[in-house]
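A short write-up of the structure that comes next.
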Amino acid sequence: MIRILSISILLLLTTTACDRAPKMPVQDVIVTLPVIGHIVSPLLGVDRVSVLLDGGETPHSYQPTPSDVQILSTAQLMVLAHPDVDGWARDFSTAGVSFVFNEDGHEEEEDEHPDAHFWSDPYRVLNAIPSLSNTLCEQFPSECPAIRRRATAFSGRIDSVSQQIELQLQTSRKRCVVSAQPFMDHFLERFQIEHLGPITHEPGLSPLPRSFAHLADAVSHSACSSLLVQQAYSKGPYQTWADDMQLTMRQIDAVGTDASSYESYLVALAQTVLESSQ
């Protein structure tokens, strides 16, 4: 209800502001998360994709400003991650909206808390590229041949870096890590890295004491040596618990803010796992 009310107020404010302000230039494609930009840009071109949350903000608790709403409304196409991650942004679109990972992605989830952060799994991204290419071709038909050529090349690069990561992480499978939030679990599962957690299934909310207590016994009887925490969230309670459990806390760039490409984003995740297993 609060989200719906906020959206209504923002739309009203934005409409009023637009009546007074000069028109903003039309954007080709707008994404919310940098990592989604790293997936779309190789197909369309870096200068064609604008990122809304480019400062490391988390989409789960983000409250768009009137200027954000105005920017979102200028997109010819809005490409989002998943309805459960940044689905709120579609309420501000006046054009097409496409999700890289849609509701069908949950069909394979057997856990009562399905994890929508599919972008950390390179093979999920590979499977999503054909559909994303089709969407871009529909929006920019004259560029379709180039989009498909770029998609093929991008898929090859993802496959290559994934194979390299597979080899690098083979020695890390004897150790395990603890995840604070469910932002990297798909990566850990894809590369068969033993892990415990997450501490909380609700990104953006402070973890409850019972969440830490639930994992404490399992962690104390495991070979886990590191706690992976997303950069955007409060570190205080996690740091205290990590110290109590004798874990090294490592901050993860979960949404690709510091990465220059999707491939470098994957390499950074792998490097963190390698460091965690030393």
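Everything in the sequence shown is counted per the numbering used here, starting at -8 for the first residue and increasing by one. Beta carbons: idealized from backbone N, C-alpha and C, even for Gly.
Coil, strand or helix - residue i by DSSP
| i | result |
| --- | --- |
| V152 | helix |
| S58 | helix |
| G247 | coil |
| S216 | strand |
| H108 | coil |
| M15 | Its pLDDT being 46, under 50, M15 is placed unreliably in this model, and the value from its coordinates should be taken loosely. M15: coil per DSSP, three-state reduction. |
| L179 | helix |
| E48 | coil |
| R81 | helix |
| E100 | Legend: pLDDT at E100 = 46, less than 50; position of this residue unreliable, no value from coordinates given. |
| R164 | helix |
| Q222 | coil |
| G147 | helix |
Residue range of the beta strand (DSSP E) that includes residue i
| i | result |
| --- | --- |
| Q18 | 18 to 22 |
| I270 | In the structure as shown, the chain begins at -8 and stops at 269. Residue 270 is therefore absent and cannot be evaluated. |
| A66 | 66 to 71 |
| F90 | 87 to 90 |
| L117 | Per DSSP, L117 belongs to no beta strand (DSSP E); it is in the alpha helix (DSSP H), 113 to 130. |
| S41 | 40 to 42 |
| L187 | 185 to 187 |
First and last residue of the uninterrupted alpha helix (DSSP H) at residue i
| i | result |
| --- | --- |
| F174 | Run containing F174: none; DSSP gives neither H nor E here. |
| E266 | 253 to 267 |
| H205 | 200 to 211 |
| T191 | Element bounds for T191: n/a, residue is neither H nor E. |
| Q230 | 227 to 235 |
| D77 | 74 to 77 |
Supposed close pair residue i, residue j - CB separation, criterion 8 Å
| i | j | result |
| --- | --- | --- |
| L117 | S89 | L117 to S89, Cβ: 17 Å. No contact. |
| V91 | V246 | Wrong, their Cβ atoms sit about 13 Å apart, outside the cutoff. |
| V70 | V42 | Wrong, their Cβ atoms sit about 11 Å apart, outside the cutoff. |
| S268 | S163 | 4 Å |
| A261 | A250 | A261 to A250, Cβ: 12 Å. No contact. |
| V20 | A72 | With 8 Å as the limit, V20 and A72 do not qualify as a contact, their Cβ atoms being about 14 Å apart. |
| C167 | E185 | 4 Å |
| D112 | H177 | 4 Å |
| S213 | L187 | 6 Å |
| Y253 | I149 | 7 Å |
| M240 | S211 | Not really, about 16 Å apart at Cβ, beyond 8 Å. |
Proximity test, residue i beta-carbon vs the ligand COA heavy atom, cut-off 6 Å
| i | result |
| --- | --- |
| L127 | Within the structure as shown, the ligand COA is missing, as the structure has no ligands at all. |
- Below 8 Å, can you find three or more Cβ-Cβ pairs linking the region 145 to 162 to the region 125 to 134? Short answer: they don't touch.
- Contact between the region 47 to 60 and the region 73 to 84 (3+ Cβ pairs under 8 Å): Yes, since at least three Cβ pairs between the region 47 to 60 and the region 73 to 84 fall closer than 8 Å, the two stretches touch.
- Is it a yes or a no for the region 103 to 118 touching the region 61 to 79, going by three-plus beta-carbon pairs under 8 Å? These segments touch.
- Given 8 Å, three or more beta-carbon pairs between the region 160 to 173 and the region 221 to 229: Yes, the region 160 to 173 is in contact with the region 221 to 229.
- Message: Does the contact criterion of 3 or more C-beta pairs under 8 Å hold for the region 200 to 207 versus the region 30 to 45?
- Response: By the criterion of at least three beta-carbon pairs nearer than 8 Å, the region 200 to 207 is not in contact with the region 30 to 45.
- Item | the region 187 to 195 in contact with the region 39 to 58 per 3-pair CB rule at 8 Å | The region 187 to 195, when compared against the region 39 to 58, does touch it at the 8 Å Cβ threshold.
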